[in-house]
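As structure tokens, the structure follows; a few thoughts come after it.
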Amino acid sequence: MWTNQLDALWYLLAIGEEPLIPEDRVKRILKTIYRTNRSTMGWAMCKTENGQPVESDQGKDVYTTSNYVFAQLLDYYGLVKESKDVYKHMDRVIFDYGNSMISPDNLRAELETEMGETKPGPHYIVAAYPRPGAVWTHLVLNHVKAVQAKAKSKTVESKDLMPFFPGLLKGSGK
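For the sequence shown, our numbering begins at 17 and goes up steadily by one.
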């Protein structure tokens, strides 16, 4: 299972367009990724259908960005408990193994011991990630979901997105 297989759907939702995959199918995919791709450090980029690591190191890695997008989709589709679990893992990656100014963009899925180390630890592949963008897009998706529910529509007009941004920039969120 590939963690990023629903990124285009996430993008469409974020710009207020109609989802191109039926909701029940999206939920099945999200639940499968949640169950299959879980690792110590978050949800790995790719695993085999029975949850085994793939051969590619890049496929084995956990990408912070992908985990945030995955958490946002879980939340949007009502899988709130699972979404919070993904966020909890990312909090641990950032605050236990990183710091509040720089967090890893991608890291190994499991704790490892490399040459010269005495105990297993996290290993970053790319050590910087712009986390504020993930927070912003989570707020946008929550707004889109609220507008869709209010309008009883699967799409959102751009005029309904624009009033959200000035308030958010001022800190009111409305």
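Note that beta-carbon positions come from the ideal geometry of N, C-alpha and C, so glycine has one too.
Values in this document were obtained by computation on a predicted structure and should not be read as measured data.
Beta-carbon proximity of residue i to residue j, cut-off 8 Å
i       : j       : result
Val-85  : Ala-60  : no
Ser-43  : Thr-52  : The sequence shown places Lys at residue 43, not Ser. Cβ atoms of Lys-43 and Thr-52: not closer than 8 Å.
Glu-130 : Gly-32  : no
Leu-123 : Val-102 : no
Lys-170 : Glu-34  : yes
Leu-157 : Gln-68  : no
Asp-121 : Thr-81  : yes
Outcome for residue i when other beta-carbon atoms lying within 10 angstroms are tallied against a minimum of 16
i       : result
Asn-83  : buried
Gly-189 : With a pLDDT of 47 at Gly-189, under the threshold of 50, the predicted position of this residue should be treated as unreliable, and no value is reported.
Ala-30  : buried
His-159 : buried
Glu-98  : buried
Met-106 : buried
Tyr-27  : exposed
Gln-164 : buried
Ser-55  : buried
Thr-48  : exposed
Contact belief for residue i with residue j at Cβ below 8 Å, rounded distance in angstroms
i       : j      : result
Leu-36  : Leu-25 : 7 Å
Ala-125 : Met-17 : Incorrect: roughly 13 Å between the Cβ atoms, too far for contact.
Give a yes or no on contact between the segment 120 to 138 and the segment 86 to 106, applying the rule of three or more CB pairs nearer than 8 Å. Short answer: they don't touch.
Completely contained alpha helix (DSSP H) runs for the segment 80 to 160, where each covers 4 or more residues: The alpha helix (DSSP H) runs lying completely inside the segment 80 to 160 and spanning 4 residues or more are 80 to 92, 96 to 107, given in chain order.
Could I get the ranges of all uninterrupted alpha helix (DSSP H) runs contained in the segment 50 to 84, with 4 residues as the minimum, in chain order? For the segment 50 to 84, whole alpha helix (DSSP H) runs of length 4 or above, ordered along the chain, are 73 to 76.
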